[in-house]
Structures are given as structure tokens and as C-alpha cells.
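Below: one structure, written as C-alpha cells.
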Amino acid sequence: MLKKKKIADFGQLLIPLVALAILIIFNLFRDLSFFSIGMKVNNSGNIVLTGNLISIIDSASELAIIAMGMTLVTAACGGQDISVGAVGAISGAVFVKVLQGMGNITVGTVILAFLLCCLATICFKLFNGTLVAVFKIQPMIATLILYSCGRSIAYWINGDATPQLNSPVISSLGMTIPGVPVPTPIFAVLFVGLLLFLAFKFTSLSLYTQSVGINKGAARLNGINPTLIQLLSFVLLGVCVAVAGVIGVCRLGQLNHKTLLVDIEMDAILAVAIGGNNLGGGKFKLSGSILGAYIIQMLTTTLYAMKVAPVNIKAYKAIVIIIIVVAGSPVVKSKVTALVNKIRTKRRASTIQKGVS
Amino acid sequence: MESEIVLTMRGICKYFPGVCALEDVDFTLRKGTIHALMGENGAGKSTLIKVLTGVYPMDQGEIRIDGIEGVVSIRSPQDAQNCGISTVYQEITLCPNLTVAENMFIGRTEGRRVDWKTMDRRAGELLDSLGIPARPRQQLGSCSLAVQQMVAIARAVDTDCKVLILDEPTSSLDDKEVEMLFRLMRDLKARGVGIVFVTHFLEQVYAVSDQITVLRNGKLVGEFDVKDLPQVQLVEKMIGKDLEDLSNIKKHTAPTGQNVQPLYEAEGLSSTESRPFDFHIAKGEVNGFTGLLGSGRSESVRAIFGADRVTGGKVKINGKDVHIASPHDAMKQGIGYLPEDRKRDGIIADLSVRENINLALQVMQGFFHPLSKAQMRQFADEYIAALQIKTASQDTPIKALSGGNQQKVILARWLLTHPQYLILDEPTRGIDVGTKTEIQKLVLKLSEEGMSVTFISSEIEEMLRTCSRLIVMRDRKIVGELTGDELTQAHVMKTIAGGEG
Amino acid sequence: MSGNNKNVHREPLTDAQLLMVISIGIFAAMYLGAMVTLGGGFLKAQQIFDLLNDNAALIIISCALTVVMIGGGINISVGGVIGLTVMSCALFLNNCTIGSDFVTILLTFLLALGIGLAFGLLQGFLVSYLEIQPFIVTLAGMFLARGLTTILSVNPVKVTHAGFLALSKTKLKISWLGYVAQNGNLIPAKIEIGAIVAVAVVLIMWMVLRYLKLGRNIYALGGNRQSALMLGINVKKTCFSSYVISGVLSGLAGFVFLMHKPAGNASVAMRSEMDAIAASIIGGTLLTGGVGNVIGSFFGAMILATIQKIIALSPLNASWWQEMANGAMLGFFIMLQSVVLSARAKRRGKLEANQQGHPKKE
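Protein chains in written order, with our numbering: chain A, 1 to 357; chain B, 1001 to 1501; chain C, 2001 to 2362.
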């Protein structure tokens, strides 16, 4: 009984785990050095870890963070937020504007700027959330507005230029902190992950979110306020987007409102789906989405390593995605299960026959 | 018995993971008869019908239909339709965004084009001949539920059908509409259609049926002629044990009188859906709202629980003024509410039985005080045992349970919060006789322990058995309050019907 | 007698019709406003034709989106398919050496439709028969189309095929809708072939959705999938067909796009899927499915095009104002729809409650 339950729990993660394993095995055969991890002194004189694995985990950070928020919104609202990239650009714009306004870049001002970023993104997400939770508009439609004009707002905040931020504080946020060989964005993922883990542990966020996502009316009759829960999911996504936007800016040390976190909404939704979560809302697994994010990045990095031109990567990515979702599709799953069962019963029948004879 | 056989099902088996839903079931339908399919919830009626209509593939067995050579294979609802099997389901299975006429003809006309003129004309004729108050070009979604149900029947009737399956068609119809439906059924019977009739209302079975087939736990109990099977025996066959005499249930009479402090008092309470009304209930009292469908009984209890937006009125609990504006407020005051529509408002379908049981308690505890998994397990085990909920495990999603067991889970959810006042709106609707009795007994036990219960049921008998006071509603107003000797079926009916009755 | 009454009885507007009427009204108001305040080009009939000429591809993919959205799905690969079609047709035209101009152009046309059809078949199969979420399938489709486009050529490709260039310059001239230029010459109104194709597509799709069983099945599918199945509709085939239609229409849109601007480019029609979705929504199509109308989507696309034109002519001419205005317009429509629909639902609910509360007496 217990064992069965474990397998069922595992079920949702089976496909992404297998996909990850295949990617790893593929790379093992392709080029063992893909996995080598080394130490190197970087431009600013710090010792840092290098290697494809580190770069995968590092560069998937923004995606993983946003995918976590996206999972919550998906679960609570039964739809996706397609404005995360645009609002991330706004977050970056606010960050740069505040730091430039204050003149000097210190840890204190960076924290202040980050908090203002959070405030800004939360406001924008509350706008989305209000449309969804109060006006009952489909999330994708409600967020289409900011998707189409969010980057213009980011432009409006900072003008056309690509403002630079040159400071050791920024580079230690975007790359590595002197003395710590692990890239800082990885800590940001851990931080956001821990935050959500604690939220699940010490509140009923998970149960409330799933209840609202599955049956809003029934959740309300059980004393849950669905509007608040849906707004909360957007607020949490807002925080995730703020973090991702700030990392994105710090990574390059400059802001380009056109390219910051571009197309990340699509990858984030993909990560949620690859993680086996239902895009229609309800039950969810955060770990699945995080896994999905790293699979997408590993795929991209593998393709880079295979010397595929960056502009062409989308085509190969599409093919792999199709394979993963086909493998995870309910129809294929049930067909496979039926086949396995058939083989099993046949085998059992034959062993019984053997026993009889 | 001389009539020609139109449908034979032999040795039907259907397995679901972990459950055997149907085991070696036979069913025979004769031309021009009405055949009631009876059984408790989870007995396999719905499964048998879904196998027959191609919704589920069957695992073993054969189906033969008059006029078709050999064994027929029904793999989709379309196959079923082609074989002359039409179905009207309990839940309306029409498209609300299409017109009434389209809903009657879509999916079964020849050719690629839609001939609106002919379709509207034929639909209009059919609706007129059946006396259904709908216009062909009206959007179906703008019709009332009862009319939508009748459109579904009109659709089924118009198909050249040999077998008409009516799966709980009467549950959302009022008496007049039921009578109309019966007229229709007799009419069809005279035309030689074989009708399979599934219902929970025993009187209705005896009003129209010719034969009865009884299922229990996925197995065939037997096929009987109606005249050979009195009601009591039918119930026995359905629940598989000698039915305890329901009249043995002893009513617990709460102390009444002027000096008793009511637990809950409302004065001029109104909501967006209900008109102002006064109401009170004493500790340990069981009372009920009664009236026809749409008389405002459900809306009244929803106002008490704060389920609809409350627009006015004063509420006191234990003599103290309280403000109840939302279900959450009501829960904090120790009020529980089991909603009328279990599927829509009660269960959280994809969550496990455990989570469904613990949901209300968790909400009472508050967002920042989650119950531990161990606590949840313990509570779930406790109530699964106490209410005899039939489930594979507490991790099973609630949607996999039968209706009666789902209802018990919802009951468990509220009992777990130890409310001082529990509102049960149609707790026995769509539930088998056995569970019905269990729930009625439970209500009386709870009231003996001091809980106040407001009970709503369409079955007046059930209300008379449990309630010590009945509030009668008509046209969304309270028109009478019956206690003591006034609690007789005749008296209640008269009050419901009003002066004209 | 009662039958007669029924025929005379006019049905109230459905939600979809109401939303469509609103969007037509707003388009008219907006256009009239532009005529009064901006004058100039807006006073000439040519302006309307220019809107059609410049946005023919958008109108076609709006129809493609509407069909899928009515069926309860979504297709975000349409822009990518346009990009791929434009690029491959441009390359084909420049490198094809077989046959006459006519044959080459015909083959190019078939190539465009073929690419669209291939995407439609693949996506339709994955969505309807393997039951994969449409958003993900068409997202992968978009990635695939964009990736294939850059694989074909990273650099812009100008069409050099003389016959095609001649075709793309062919315009229908209507002199009585023209205007007299300052030098006294009559300049007739010019309509490109693409615009005619777009209008034809709108009309044909309207007929398909209204008078073909396939169309009504798509509505039924979007209205309630389970019910549609129970009503004996082949749900999978219907869903599949809706994606095939939208695929072919995207291929056609690519060809029309190439006729309007005979050059392939990796960023052609970038993000146009979102414009198409916006146009459908503005025209009264609901993403939840079952409600919508291609005529409405046509006006939705025209509203977006008009905004573009107005901003281009106004002192605010900047791409970011453009985007902001689009966003604001979309927001306005979404709120309006929400308010209108909920008000109607409330009124209907009250009506029903009253009917139930006061049973008819005979």
C-alpha cells in the first residue's frame, strides 16, 4: 500500500525525471567533458566554479524563480500570466532608476531599490490579479494587456538608452560574491525556494490554493476567500518577477528593456507543463516546475555545446518539447499502462499455467 | 412477457482500478415497456448505462439489439445513437451556447450543411407537440434548467430510438413537470419504445414502470414485474438487508417554550437572493425549511450561512449580536453548512478524501496554523470509520467515490469542526436508501447531543421523521410554521399549496 | 397561433452578438472621431482600403484564432507560421527555375498553404488525439516555425521574381471612390489582392461557422466538450479540424503578407499572434470557448489598425505609444466585456428566479 502511494506521488515527476536522465546520458555519450567542473579566476580576480553544469544551474535561475510563481498562479487561477517578462523588464527599469537617482550604489541602496522593485511589480501583478480574481477575466487575456505594453512602460521609466550600472555590489549580485565560488543567482533560487517552502510549511497556502483552483465556489463555502488567494498568488509571482528582473539587470550590469527576460513567459509556462502540472489549475507540484526549468536550460546549453547557432535553437527545442509532452500526454500514458498490464497478465497467466503443469 | 425483446445485455463486466463496478450483469428490455433500473448508489446503475451508451468500454459481456445481426459493439455515444439508443442524463448534456433547435438536431442530421429553416420549423413543431415552453431560436443557456432538461428529452424522443434511457430525469423537475414527463413516457411506450428509467424516487417507479431490475454492489439481484414486488420488498432487495422500520426512528424533542434561550435568532435577515425573514432555532432542536423547488428555502439557509451577500437584518447567537457576512464569519460562530449541490458547491473533486475532510477545520484553524499531516490522517481515519465511508484509502481523490460516500465526506468535514449549529440542505438527494436512513439517524443523534440542525429535503416524509418544527415557504416568503400535531403530511401539503390547494 | 407568434418573436441578442455590435460601434465612433479631429487621409475612402491592405494578414490570422478559440483552444503559432511561410516562399521564388511565372507562383501559393497545413495537421493531432494542452503544443509550434525560419536564412531575403513582384503590385482600382489630387488628377482608390483575399476569408469563415455542420460542431465543442460528445459529435475530429483550418489560414496569411511586402525576414510578424488574439477578443470572442464571431474579429483587427494609423498621424508617433494605446484599448474592451456579461448574467439570473418564484397559474 505504502509503496503504491509512493509510486503515485512520483508519477507526476516521472516524465521530467526521465527527460533529465536522457539529457544527462546523451551528454555522457556525446562528450564527457560536458560535466567537468573547474575553478577559474575571473576578470575581477575572484576564484569561481566553471563548467557547463554550473552555467546551466546559474543561467536557469531567473526561469526557475519565475516558474515557481507561475505554478502558484496556474494552480489558483487555472491560467497563465504571460506578462512576466514585460513586468520583469519594469522591475529592472525601476531598479536602475532608483539606483541612478540615489547616485551611489551600496548594499543599502541596492536593498532599498530591490524593495521598491518588489513594490512596483506587486502593484502591476495586483492589477493583473484584480482583473482575474475580481472581474473574472481569463488570466491569459488579463495579462495580455501588460504583455503588449509592459516593455513600453519600462522604456518610459528609463528612456531609450541602455543605462549601465557599474559597481562591485551589482556584479556580485549578478555573478559571484568575492570569496564565494558559486554564482549568486543560484542563491537567489534557493532563497525564493526556501521562502515558498516555509510558506507551505507554516501556512495552508498549498491546500487553499489547490482548493480554489479546483472548485472556487466550494472553497468559498468552506470559508476560504478565493479572491484573496488568487490575489496572493499574483503577489507572490510579483515578488518572483522582481527578483528575476533584478538578477537579469545585475547579470549584465545594464538594462535593455527590449531584451531583459524576453520570452521568459513562454519558457516559464513550459517549465510548469513539463513538470507535469495541469495548466488548467488545481493540484500542483512546485518541484516539477523547478525541474522543468532546469530541463529547458540543460537542453539549451546542450544545444549550444553542440554548436547549434543561438538563433536556430528554438527549432530543436521545439522538437524536444514535443517529445516530452507527447510522452507525458494522458492518452499515451494510458496506452502504455494498458500495454504494460497486458504483458504482465500474460506473464502471470503463463507462470500460473507453468505452476499447474 | 410476450413483448418482443429489443435489448439484451449478457454477462456484462466492468472493472475500474481496484474496483469491480459490474460483475456478470444481465439486463433485458422489451418493446413498449418501461423498465426501472434500481439500486443503491454505487450499485452499478450509472456504470451499466455508461457501458450501454458507449461512454465506458466494457471489459466482458455482449449486447444484442433487435434488428441488428449478432453482437453489437458500442464504443462511443455516436455508436449508441446509431444503434437506436438515446439517453437523457441527470446532468444536462446540451450546449448552452447553441440555440434550442440546434441542441435538438446537432450531431444527427445528414450532410455537411445546416438547414436552419427546416431545423427551426421541425424543432418548433416538436416543442409545440410536447408542450415545452421554449422557442427554437432561443439560446439554450437562457432557458431554465427544467426547460433545458425537457429539450434534452425532446431531442431523445425525436431520434428514431428503440431504447430510451432516462437517467434520473426527474431530479430537477417539479411535480407538474414530472407528470408531463410521465405522460410523454407513456406516449412513447405506446409507440413501442423501450424505456430504461433510473430514479431514486420509489413512488415514481410504481407510477410508470412495468418491470424492475435491481442491482446491488455491481451484481444483478434480479428482474421483477412491478406488480409482484411491493415497495418494502424492493427496498430490501436494494439494500440487501431487512430494512429497519424507519418509523422506529425516535424524534428527539428539544425543550421548547418561552423561557428557552434560542441558539440562533435572525430578524429581518435578507440577502441578494432572499427576502427578509425571521428565524430562530433552539439548542438541540431539529427544524426544517420546506416548500416547492424555488420557494426560497435554500436561499434562506444560504443567507443564514452568509453564502450569498447579506443585505440586512439582525442576527443573534446565544443572545449576543453577531455579524455574519461570509461563510467564514458563520464558521467562526460555529455554523456548518452542507450545500444543496454536492458536486458544484461541496466537494473539491481532485483533492483526496483526507484533505476534503479536513478542509473546514483547517480554515477554522486559520491560514497560519496548518494542521500537521499526522493530525489530518488521524481525523480522516476517525471519521471514515465513524461514518463508514467506503473508500480505498484516505488518499483517494473524492471524485472517485460514489455520491453517497461523497456526501458522507462532506458531513464528516463539518462534524469535524464540532459546530453548534449545522445546516443540511438536501443531504439525502441522489443518495441510496441505506445512506439516507443513516443520515437521518445521525441527525437525530447529533441533536440529542445538543447540536441544532436545520434540515431541508424534497421528501416531506423525511422531514416529518426528523424535524420537530417545519417552516413552510412559498413564493420566497415564509407562509407557515408547523409544530406538534400539525406535523402531518396532509397538513404540510396544504400549507405548501396555500389557499388554492 | 402560438406558432405564428414564435416566428414573429425576435430573439434578444446573444452575448457574442452584443459584444460584436459594441466593437463595430466603437470602430465606427473611432473612425468618425479620426475624420473630425485628424481629417486628412481619414476623409478619403482610400484610408479604409489602406487599413485593409496593410492588415490583410492580421485579419486572416484573427479569423484563424477565432475559429480555434470558439472551439475552446488557442493557437499561438500563427505568427511563427507566417514568418516561416514568408521566408520559404521568398527563397522558393528566388530559386525556382521550373515552368512559367504562373506555375512558379502557383507552386509558391501551394507551398504556403502546405506549410500551414502541415502545422495544422501536426498541432491538431497533438491537441485533439493526444490531448496535450493546446497552449504548449502551439508554443512548441511557434518555436519550431521561428527556428526553421532562421535555419532557412538569418539574413533578410528580398524577392526578385519579376512575376511575383508584378502580382504584388497589382491593385484593383475603383475610380468613383477615388479623390482628386491637388494637381487635378483623379487618383482612384486602390485595393491590393491580399485585402480582397482577407475579406473573402472573413466571409467564407463566417459561412463555414454559420452554415456548415463543422462550424456548429466547433461552437458545441467550445460550449461544453462533454455535452458535445454526448450529443454524438465527433469531438476529436472537430477539434482537429479547427486546428487544420487555423493552420491553413496562417499559411495563406503568410502568402498574403509576402504579396504586401515581398521580402522574407526572421522577425516577420513577430508577436502578431498576440495581436490576433487581441483582435478576436475585442471582436467578442471569449477565450473560454463557444462564443465568438469572425465578423467581430474582423472589426477587432480594424480597430487595432485604426489605432495604429491614428497614432502614426498624431504627434505621439512612437512605437511605445503605439503599444501603450493597444494595451489600453485591450484593457478597456476586456473590462467592458466583463461588465456587460456579468450584468446580463445577473439580469438573467433574476429573471429565472422570478419565474421560479411565481409559478405560472393556469
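Where is the CB? At the ideal position from N, CA and C, for every residue including glycine.
Check whether the Cβ of residue i lies closer than 8 Å to any Cβ atom in chain B.
i         : result
A:Gln210  : yes
C:Gln2226 : yes
C:Val2291 : yes
A:Asn225  : yes
A:Leu49   : no
A:Thr203  : yes
A:Pro341  : The sequence as given places Asn at residue 341 of chain A; Pro does not occur at that position. A:Asn341 does not count as touching chain B.
A:Leu221  : yes
C:Gly2072 : no
Using a beta-carbon distance below 8 Å, is residue i in contact with chain C?
i         : result
B:Ile1106 : yes
B:Gly1131 : no
A:Ile15   : no
A:Tyr294  : no
A:Gly321  : Here residue 321 of chain A is Ile; the residue named in the question, Gly, does not match the sequence. At least one chain C Cβ lies under 8 Å of A:Ile321.
A:Pro330  : yes
B:Tyr1089 : yes
Could you tell me whether the Cβ of residue i comes closer than 8 Å to any Cβ of chain A?
i         : result
C:Met2335 : yes
B:Gln1406 : no
C:Ile2277 : yes
B:Met1331 : yes
C:Leu2139 : yes
B:Leu1359 : yes
Under the rule that 16 or more other beta-carbon atoms within 10 Å means buried, what is residue i, buried or exposed?
i         : result
C:Asn2293 : buried
A:Val358  : Residue 358 of chain A is absent from the structure shown; chain A starts at 1 and stops at 357.
B:Asp1425 : buried
C:Ala2253 : buried
B:Phe1379 : buried
B:Glu1449 : exposed
A:Asn42   : exposed
A:Gly78   : buried
A:Asn27   : buried
C:Ile2334 : buried
A:Ala21   : exposed
B:Gly1366 : exposed
C:Val2103 : exposed
Closer than 7 Å by beta-carbon distance: list the chain B residues that pair up with residue i, in chain order.
i         : result
C:Gly2223 : Cys1095, Pro1096, Asn1097 and Leu1098
A:Lys136  : Result: empty, since nearest Cβ-Cβ is about 16 Å, beyond 7 Å.
C:Leu2018 : Here the premise fails: no neighbours, minimum Cβ distance about 12 Å.
C:Gly2232 : Pro1077, Gln1078, Gln1081, Gly1107 and Arg1108
Against residue i, what residues of chain A qualify as contacts under a CB-to-CB distance less than 9 Å, listed in chain order?
i         : result
B:Arg1344 : Asn215, Gly217 and Ala218
B:Pro1370 : Phe200, Lys201, Phe202, Thr203, Ser204, Leu205, Ser206 and Leu207
Note down, in chain order, every chain B residue with its Cβ under 9 Å from the Cβ of residue i.
i         : result
C:Leu2172 : Neighbours of C:Leu2172 on chain B: none; closest Cβ ~31 Å, over 9 Å.
For a contact defined as C-beta to C-beta under 7 Å, what are the partners of residue i on chain A?
i         : result
C:Glu2273 : What C:Glu2273 touches in chain A: nothing, since even the nearest Cβ is about 11 Å away.
Residue i and residue j look like a contact to me (Cβ under 8 Å); what is the Cβ gap, rounded to whole Å?
i         : j         : result
B:Ala1036 : B:Ile1212 : 5 Å
C:Ala2198 : C:Ile2060 : 5 Å
A:Leu146  : A:Phe124  : 6 Å
B:Asp1543 : B:Ala1101 : This structure cannot speak to residue 1543 of chain B, because chain B is shown only from 1001 to 1501.
Which residues of chain C have a Cβ atom closer than 9 Å to the Cβ of residue i, listed in chain order?
i         : result
B:Val1114 : Arg2210, Tyr2211, Leu2212, Lys2213, Gly2215 and Arg2216
B:Glu1265 : In chain order: nothing, as chain C lies at least about 26 Å away.
What residues from chain B crowd round residue i, counting only those whose CB sits closer than 8 Å?
i        : result
A:Ala283 : The amino acid at residue 283 of chain A is misidentified as Ala; the sequence shows Lys. Asp1350 and Leu1351, listed in chain order.
Please compile the residues from chain C whose C-beta is within a distance smaller than 8 Å of the C-beta of residue i.
i        : result
A:Met298 : Within 8 Å Cβ-Cβ: nothing; A:Met298 doesn't reach chain C, min ~16 Å.
Problem set entry | Three or more C-beta pairs below 8 Å linking the region 114-130 of chain A and the region 257-271 of chain A | no
Exercise. Do the region 240-258 of chain A and the region 79-93 of chain A make contact, defined as three or more Cβ pairs closer than 8 Å?
Worked result: yes
Exercise. So, do the region 2253-2269 of chain C and the region 2086-2105 of chain C have three or more beta carbon pairs nearer to each other than 8 Å?
Worked result: yes
Exercise. Do the region 1183-1195 of chain B and the region 1212-1222 of chain B meet, that is, are 3 or more Cβ pairs less than 8 Å apart?
Worked result: no
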